[in-house]
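K.L.:
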Amino acid sequence: MKPKQKAKITIDILMTALLVVLMAYPVTGQAVHEWVGAGMFLLFLAHHIFNLYWLKTLGKGKYNGQRILQTVVDALLLADMLALMFSGIRLSRYVFTFLPGLGSAAAARRLHMLASYWGLVLMGFHLGLHWGAVTAPLRRRFGGKAGPLPWCAGTAAGLYGAYAAWKHQIWQYLTLRSEFIQFDFDRPAALYFWDHFSMMALFALLACAIVSLVRKHRKGAAKP
Amino acid sequence: MKKKLSLIVALVLMLSLAACGSRSNSPGNTPPAANAPDTPPAGSAADPEPSGSAGTPDTLPAAAGDGGILIAYFGVPETDGTDTVANASRVATEGGVVGNCQFIAQAIRQAVGGDLFAIETVQEYPGTHQPLLDFAYEELRQNARPELSGEIENLDDYAVIFLGYPNWNADLPMPLYTFLETYDFSGKTIIPFVTHGGSGFSRTISTIQELQPNAAVLTDGLSISRGSVPNAAQEAMDWASEILG
Ligand SMILES: Cc1cc2nc3c(=O)[nH]c(=O)nc-3n(C[C@H](O)[C@H](O)[C@H](O)COP(=O)(O)O)c2cc1C
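Protein chains in written order, with the working numbering: chain Z, 1 to 224; chain D, 1 to 245.
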């Protein structure tokens, strides 16, 4: 793997991990949450520097189904991350206190809640839609030596993710019906990380499935 | 086939996250404080069952021999939103409309006796939801210590302090910080109870322990979701009676 590819994939893995840690706000508490959030901001910048071609080629070339889907999800995710950043800075009590708190904290809190769960969904989709590109260097490096194991693990995580999404009733957050985080203190904290990771896996898997459906559709249409 | 080894990334992540998760303790996992006495202090066992309804006034003279228990609570009942249905911050009782924490405090008093003490501030909090959220968040951000308006008399008479408060932004309301920094509860037992919108105690029990290092703080306090407060009187009574044996 080239150093640039290594850096890219390291950043992607770190961002995935940090997102899960950020989702576990009730477990980590405010101070850790803010520092990890600030770290995510730096990774976000790095991720964009490494993927600048996305912006450069935005209006160029042909747009097929997969590319349209990717572009829409990427744009939504970008907007979502910006919303998280601005509301997060407004709510900050440790890291960004040197900035004045402008506007309503209650509104920022609500926006932050809404954008965080949409962020989980969109990040999963983003990962799934770009899965081929993200992991290409890994596949080249390792060839096909892993057998079906990774696929099975991914599917298992996705299935558990469906259960976790139901258990955490994430639509309550996605529709802003729940104003506060529902946290079950009788459940081991480690599970909270795993629950949110597997929810992301679920959305990534769904995106992968949609991509392969779109591809099949295109092949079918091209035949006659 | 195409996703093969790439999913190893997922596996590695899972493992790293599991490792990460196991290091952090859930506040709910801590067993009850070992130094908390399992028998109630002398004096409280002989408490007569108070005859008042849930609407008992907050100021009862501490009768001799009846001074073992103090039930201190804070709360800002919101005046907007629908009353007594899920998610309201107040409950209609026979004695009038009361806040969630006040309601639970009164139930506890009914079960185990003792004196009620409302923690009140000199400043007045906004009475409606959105302004209250904004106000409370600024207070938290500034780490404010709002001045309290009342005072506990004869603190020495109490051995057990039930301490009730709403979960505000996953933390103690700032007046609770003032309260816990004003009084010294060394040698006494603090039994926390919280009403909340889903997050339970958050990390507030460890905060109480930090602020009162010489008190025994019961770590499995009573946590009632605001939607079930109106139906939780019995649960609160049972819980309080059970703790005091
Ligand atoms: C300023 C403010 C912040 C709150 N923050 C949270 C929170 O972070 N988590 C939560 O579960 N509930 C939160 N709530 C909901 C309250 O804990 C809940 O409404 C409580 O029952 C109010 O009790 P009271 O009527 O005695 O004041 C908040 C309420 C207010 C007013």
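In this text, a Cβ means the ideal position worked out from N, Cα and C, and glycines have one as well.
1. Name the chain D residues that come within less than 8 Å of Z:Gln-182, Cβ to Cβ?
2. Should Z:Arg-93 be flagged as near chain D, meaning a C-beta pair shorter than 8 Å?
3. Could you check the C-alpha separation between D:Ser-228 and Z:Gly-65 for me, to the nearest Å?
4. Could you tell me which of Z:Ala-7, Z:Ala-24, Z:Leu-42, Z:Leu-202 sits nearest to Z:Cys-152, measuring between CA atoms?
5. Report back the beta-carbon spacing between D:Gly-248 and Z:Phe-180 to the nearest angstrom; my notes put them in contact at under 8 Å.
6. What does the Cβ neighbour count give for Z:His-217, buried or exposed, with the cut at 16 atoms within 10 Å?
7. Comparing C-alpha positions only, which one of Z:Met-1, Z:Lys-6, Z:Asp-12 sits nearest to Z:Met-123?
8. Does the beta-carbon of D:Val-76 have 16 or more other beta-carbons within 10 angstroms, so that it is buried, or is it exposed?
9. Please classify Z:Leu-176: does DSSP put it in a helix, a strand, or coil?
10. Is D:Thr-79 helix, strand or coil by DSSP?
11. Please indicate yes or no: does the CB of D:Asn-100 lie closer than 7 Å to some heavy atom of ligand 1?
12. Compare the C-beta of D:Leu-133 against all C-beta atoms of chain Z and say whether one is closer than 8 Å.
13. Provide the residue span of the beta strand (DSSP E) that contains D:Pro-192, from first to last.
14. Can you name the residues of chain D whose CB is closer than 9 Å to the CB of Z:Gly-88?
15. With DSSP as the reference, identify every bridge partner of D:Asp-171, one or two as the case may be.
16. Locate the beta strand (DSSP E) running through D:Arg-90, then write down its first and last residues.
17. Less than 7 Å between the CB of D:Ala-170 and some heavy atom of ligand 1, yes or no?
18. State the beta-bridge partners of D:Val-160 as determined by DSSP.
19. Below 8 Å between beta carbons: does that hold for Z:Gly-161 and Z:Ser-198?
20. Counting only Cβ-Cβ distances shorter than 9 Å, please list the residues of the segment 165–191 of chain Z near chain D, keeping chain order.
21. Tell me the rounded alpha-carbon separation between Z:Lys-167 and Z:Leu-191.
22. For a contact meaning CB atoms closer than 8 Å, what does Z:Pro-26 contact in chain D?
23. I'd like to confirm the pairing. Which residues does DSSP put opposite D:Leu-222 in its beta bridges?
24. Mapping the DSSP letters down to three states, classify D:Gly-99 as helix, strand or coil.
25. Based on DSSP bridge pairs, tell me the residues matched to D:Ala-121.
26. Indicate, with yes or no, if ligand 1 has a heavy atom lying under 7 Å from the CB of Z:Val-27.
27. Whose CA, out of Z:Ala-83, Z:Met-23, Z:Gly-101, lies closest to the CA of Z:Leu-91?
28. Roughly how many angstroms separate the alpha carbons of D:Ala-216 and D:Ile-108, rounded to a whole number?
29. What does a CB cutoff of less than 6 Å around Z:Ala-204 pick up in its chain, not counting 5 residues either side in sequence?
30. Alpha carbon to alpha carbon, what distance is there between Z:Met-15 and D:Gly-187?
31. Determine, using beta carbons only, whether D:Tyr-165 and D:Phe-74 come nearer to each other than 8 Å.
32. Under the criterion of a Cβ to heavy atom distance below 7 Å, does D:Ser-241 qualify as lining ligand 1?
33. Give the residues from the segment 94–109 of chain Z that approach chain D closer than 9 Å (Cβ to any Cβ), ordered along the chain.
34. Could you name each continuous alpha helix (DSSP H) segment of 4 residues or more that falls completely within the segment 79–131 of chain Z, going from the start of the chain to the end?
P.N.:
On the basis of the coordinates in this document:
1. Gly-198, Ser-199
2. yes
3. 48 Å
4. Z:Leu-202
5. Residue 248 of chain D is absent from the model: chain D starts at 1 and stops at 245.
6. exposed
7. Z:Asp-12
8. buried
9. coil
10. coil
11. yes
12. yes
13. 189–196
14. Those within 9 Å of Z:Gly-88 in chain D number zero; the least Cβ separation is about 13 Å.
15. D:Trp-168
16. 90–93
17. yes
18. D:Ile-69, D:Thr-189
19. yes
20. Ser-178, Glu-179, Phe-180, Ile-181, Gln-182, Phe-183, Asp-184, Phe-185, Asp-186, Arg-187, Pro-188, Ala-189, Ala-190, Leu-191
21. 12 Å
22. Ala-170, Ser-199, Ser-202
23. D:Phe-193
24. strand
25. Reading off the sequence shown, one finds Thr at residue 121 of chain D, where the question assumed Ala. D:Leu-148.
26. no
27. Z:Gly-101
28. 19 Å
29. Gly-124, Leu-127, Gly-128
30. 47 Å
31. yes
32. no
33. Thr-97, Gly-101, Ser-104, Ala-105, Ala-106, Ala-107, Ala-108, Arg-109
34. 105–129
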